[in-house]
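Read the structure below first, then the notes.
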Ligand code: NAD
Ligand code: UDP
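Numbering (our numbering), first residue to last: 819 to 1134.
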């Protein structure tokens, strides 16, 4: 029997590399497509010996050769994801989430593959509704430092909508909330990577603003299970799902948990200015994912952080 063929755009990144791992264990033929703008070969080095894994260095803004239209699943995870990453690569981020999404949708239109677009909780901007449900339209600044990411993800969603309704593409969207775990790039400026490396290196731990802003942190294995449920489950075509962990934490509390689990009680906390348009509260309402997908996160924050810290310890 022919193996199932999955294309993972952004597969050499943090989430994408874990998704490739999962798909390989499911017996898929996996093609990882990545231009390495924020990802790395190191993230997928362990997969290289696998016969059913292939890496192609390619920018998804350009079309893939038409032979890839025969794939069964196309996962679009390509895009810088951290504020530092997308602000440094702002134009590339806009193009990847717009033109890149269009190219991958066109591939699915030709070959009838199932498509999933990794959107983001950032489409809700600095939300005025809490927790955020999929029906909330958001409160987003279209003209600021985060706009390259927020607005291009929103445009990507609109392209998915059009391909669903005009061309009958079998597509769905997930809005991913803050996710962490091993392989989260230690230099990408996200709170999890920053604070763990700071605590382990014995430098000052940086809180932006007063630390009262909140985030809800999802462990990467839970996210991967959610991605698979959203693309493979029945009645998911045309749907939008929040995928995240609804346990909300202030950044101040998060800093203390990191210090506790790193075992570095002498770490000093310093405060830096809150970046422009930094969302004040963020928490997914995951009722829809629970009902449609039977999915919910399983890994508690401390458990996920222990595994993540172990991974960083091996590198620092
Ligand atoms: P990441 O930066 O580690 O991975 C993204 C990957 O996409 C990288 O390997 C990068 O090189 C690749 N890429 C970027 N532009 C590309 C292009 N034009 N062509 C080919 N490859 C390209 O980020 P991540 O945390 O793994 O995020 C993966 C996806 O999930 C992104 O789409 C992101 O927007 C979304 N997301 C992630 C989070 C999170 O907390 N990690 C939250 C919300 C949404
Ligand atoms: N943050 C922080 N210290 C850091 C990095 C980030 O206090 O060293 C804050 C940031 O201002 C935001 C939250 O932590 O309020 C999450 O930031 P991150 O960049 O991880 O993701 P975001 O949810 O903002 O995209």
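Every residue, glycine too, gets a C-beta built ideally from N, C-alpha and C.
Using only the heavy atoms of the ligand UDP, determine whether one of them is closer than 7 Å to the beta carbon of residue i.
| i | result |
| --- | --- |
| residue 1069 | yes |
| residue 869 | no |
| residue 1007 | yes |
| residue 1026 | yes |
| residue 1136 | Examination of residue 1136 is not possible in this model, given that the chain is present from 819 through 1134 alone. |
| residue 1031 | yes |
| residue 925 | no |
| residue 1095 | no |
| residue 1013 | yes |
| residue 1063 | no |
| residue 944 | no |
| residue 996 | yes |
| residue 1092 | yes |
Exposed or buried, residue i, counting other C-beta atoms within 10 Å across all chains shown (16 or more means buried)?
| i | result |
| --- | --- |
| residue 1062 | buried |
| residue 781 | In the structure displayed, the chain extends from 819 to 1134; residue 781 sits before or after that span and is not available. |
| residue 876 | buried |
| residue 819 | exposed |
| residue 773 | No answer is possible for residue 773: it lies beyond the span of the chain, which begins at 819 and ends at 1134. |
| residue 961 | exposed |
| residue 884 | exposed |
| residue 1031 | buried |
| residue 1048 | buried |
| residue 1121 | exposed |
| residue 1028 | exposed |
Mind checking whether the beta-carbon of residue i lies closer than 7 Å to any heavy atom of the ligand NAD?
| i | result |
| --- | --- |
| residue 901 | no |
| residue 873 | no |
| residue 910 | yes |
| residue 1060 | no |
| residue 892 | no |
| residue 978 | no |
| residue 970 | no |
From the DSSP secondary-structure annotation, give me the bridge partner or partners of residue i.
| i | result |
| --- | --- |
| residue 852 | 875 |
| residue 932 | 891 |
| residue 824 | 848 and 891 |
Can we say the segment 1011–1021 touches the segment 945–958, given the rule of at least three CB pairs closer than 8 Å? Counting Cβ pairs under 8 Å, fewer than three are found: no touch.
contact_flag[the segment 977–995, the segment 1075–1094] where n(CB pairs < 8 Å) is 3 or more: The segment 977–995 and the segment 1075–1094 do not touch, with fewer than 3 CB-CB distances between them shorter than 8 Å.
Is it the case that the segment 1098–1110 contacts the segment 1051–1059, given that we only count it when at least three CB pairs across the two stretches are under 8 Å? The segment 1051–1059 vs the segment 1098–1110: in contact.
Below 8 Å, how does it come out for the segment 1022–1033 and the segment 1059–1074: are there three or more Cβ pairs, yes or no? They touch, by the three-pair rule.
Do the segment 886–897 and the segment 919–932 touch if we need at least three Cβ pairs shorter than 8 Å? Short answer: they touch.
Contact between the segment 965–975 and the segment 901–908: three or more CB pairs below 8 Å? Contact between the segment 965–975 and the segment 901–908 is present, because at least three Cβ pairs lie under 8 Å.
So does the segment 983–998 actually touch the segment 1077–1093, counting three or more Cβ pairs closer than 8 Å? Note that the segment 983–998 does not touch the segment 1077–1093; fewer than 3 beta-carbon pairs, one per stretch, sit closer than 8 Å.
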